[in-house]
Every structure is written in C-alpha cells, then in structure tokens.
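Going by numbering that gives the first Met the number 0, 243 is the number at position 244 of the sequence shown; the sequence numbering is gapless.
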Amino acid sequence: MEKLIINAAVTGSRNLRDIAPYIPYTPEEIVQSSIECWKAGAAIVHIHVRDPETGLGEQDPELFRQVVEPLREQTDVIVNLTTSGIAGRNLPMADRLKSLELKPDMASFDAGSINLGGGVFINPPDFLDLAAGQMKRLKVKPEIEVFDSGMITTALAMKKKGQLEDPMYFQFVLGTPSGAVATPQSLLHLTELIPEGSIWSVTGMGKAHLPMSMMALAMGGHIRLGMEDNLYYERGVLAKTNAQFVERIVRISEEYGRGIASPDEARKILGLPI
Ligand code: ZN
C-alpha cells in the first residue's frame, strides 16, 4: 500500500485558548509546532495564522510570511496555506488569496459554502473561479476541501472546464455540524465519487478523528490531524502538542505495516515538483 501522508493542521482559526490552552497563536509558535510535527513524520503542514494577541483568525500575508520563511529555511515540509478567510468577517475575495503570492506548495480550496461556526463559510462560484485561476497561474496545488458530497460535484465540473487538474487531492473534512457525517459509510461514499487516480485524505472533527484516521489507514487514504480539528488526545485529556497526534499515527501505521511518506515521497504521490 502507498505510504501514508500525514498533514498536520496545527492551529486553524476557530478554537481559542479558553477551550484550547495549548493551541499555537503567534507565527513563532505556529512555526515551532509545525517543525515538531515535521520531525515526528508529517509531510504537510496546513497553516492558518492568527492575531498574535487575541488569537482570532487572520489572513494577513505578513503573518503568513513570518511562518512560511522559517519553514522553508529549516525544513523540507510541504507548505499548505489556508485561503479560508476569517470567520464572521466578509473579506474581499482577493484578500483571501494574497497568501498565494508566498508560493506555498499547496493551498486550501473549499469547493462550496456551508454553515459553520454559527455563520456561513462562504465559497461562491466566482471565488472558486478566481482561486482556481490563481492557483493554476502560481503553480500552487489545490487541496480540495470537501465538507459534503456536492463539493465533489463542483470540483469535478471545474476539472471538466480545465480549472482543476489531475491528480486531484481531496481533503475530506467530516463531522462538522452541517456537513457530511464522520462515519465509515459516509467516507466510503465520498471515496467512490472521486476520479480514479485522485489522492484523498480525511479528518474527523473531535472524537471522530481517530476512527476516521483508522479508516484512512486501512483504505489507503491519507490523514489530516492536529488541533485545528481535534483538541483531545484521548477522552477528557487535552493534547499538549500537535506532535503528539503525529507520533501516535506514526506508531500505529508502522505497526500496521504502512510506512510514512517523507515530504519528497509525498511530493511524488501528490504530483508536486521535487
Ligand atoms: Zn484549515
């Protein structure tokens, strides 16, 4: 079976320290946590940035630069920047895409809108057209985030029009309050909808995280993990670092007999330049 790609989503933009005391806020903390994950076996880091004081999500290219540059200098990790914008603030579309100018290897491409966190995570067709166009021009691979099956329909229609290219990389984000449920049946259904030769990865929110990871391990998919999606290492016990999650999956996967992809091996699998 193909080696396992671990994608560490170290902070996200929603969980604050009142419920997540160990979550990284500042660029330095995000870099530190990303490097720990990379050392533990993560091939990809999925990066959001936050206001260093308040911890609220930001989309400021300068904050992204303060994360990307040290990661480029100190690691060979695949850098994946979010384009999700800021919850509750309707940012101009172009501002959501400014981080692409830092030339990350990948960027999130949320293939549709959905109710999330008490509001609407807005990804209308004109934003998707703009995002796909810029990613193609800047050679940034879209991480096609799928919260529900209709987002696959959208991505496939865009592929037909030449806006998205093979091999497509799908990130299933399961178990959000208004999205597809995080069950084996749900995951199986989604994997049946994507084209052959695509690469898929899955994350489950909260307590669904480990069950979805085990499904991916057995089915030949890949795994996203980290405090963006799940704060608890086990029932009632907060994870103190993101690397703890990586270390656990590395242990289980190696015991299972599936090796862990290095960043370069992951680049090959994903069709990224080495
Ligand atoms: Zn994210």
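Glycine included, C-beta positions come from ideal geometry on N, C-alpha and C. Since the model is a prediction, treat every value here as computed from it, not as a measurement.
Residue i and residue j closer than 8 Å at C-beta
| i | j | result |
| --- | --- | --- |
| residue 58 | residue 26 | no |
| residue 39 | residue 223 | no |
| residue 13 | residue 116 | yes |
| residue 106 | residue 134 | yes |
| residue 36 | residue 245 | yes |
| residue 32 | residue 241 | yes |
| residue 186 | residue 172 | no |
| residue 204 | residue 181 | yes |
| residue 46 | residue 4 | no |
| residue 276 | residue 169 | This structure does not reach residue 276, given that the chain is present from 0 up to 273, and the question cannot be answered. |
| residue 63 | residue 92 | no |
| residue 139 | residue 102 | yes |
Residue i: CB within 7 Å of a non-hydrogen atom of the ligand ZN
| i | result |
| --- | --- |
| residue 274 | For residue 274 there is no data in the structure shown, the boundaries of the chain being 0 and 273. |
| residue 130 | no |
| residue 118 | no |
| residue 19 | no |
| residue 8 | yes |
| residue 56 | no |
| residue 208 | no |
| residue 33 | no |
| residue 221 | no |
| residue 81 | yes |
| residue 107 | yes |
| residue 11 | yes |
Residue i in three-state terms, based on DSSP
| i | result |
| --- | --- |
| residue 233 | strand |
| residue 47 | coil |
heavy atom of the ligand ADP below 7 Å from residue i C-beta
| i | result |
| --- | --- |
| residue 188 | The ligand ADP is not part of this structure, which contains only the ligand ZN. |
Taking the runs of the beta strand (DSSP E) that are 3 residues or longer, which of them lie wholly in the region 51-115? Those beta strand (DSSP E) runs which fall completely within the region 51-115 and span 3+ residues are 77-80, 105-109 and 113-115.
Residue ranges of each alpha helix (DSSP H) within the region 114-151, 4 or longer: Scanning the region 114-151 for uninterrupted alpha helix (DSSP H) segments of 4 residues or longer gives 124-137, listed from N- to C-terminal end.
Which runs of the beta strand (DSSP E) fall wholly inside the region 7-48 and span at least 3 residues, in chain order? Taking only runs of at least 3 residues, the beta strand (DSSP E) segments lying wholly in the region 7-48 are 43-46.
Extract the residue ranges of the alpha helix (DSSP H) inside the region 176-256, only unbroken runs of 4 or more that lie entirely within it. Whole alpha helix (DSSP H) segments, 4+ residues: 183-192, 208-218 and 241-255.
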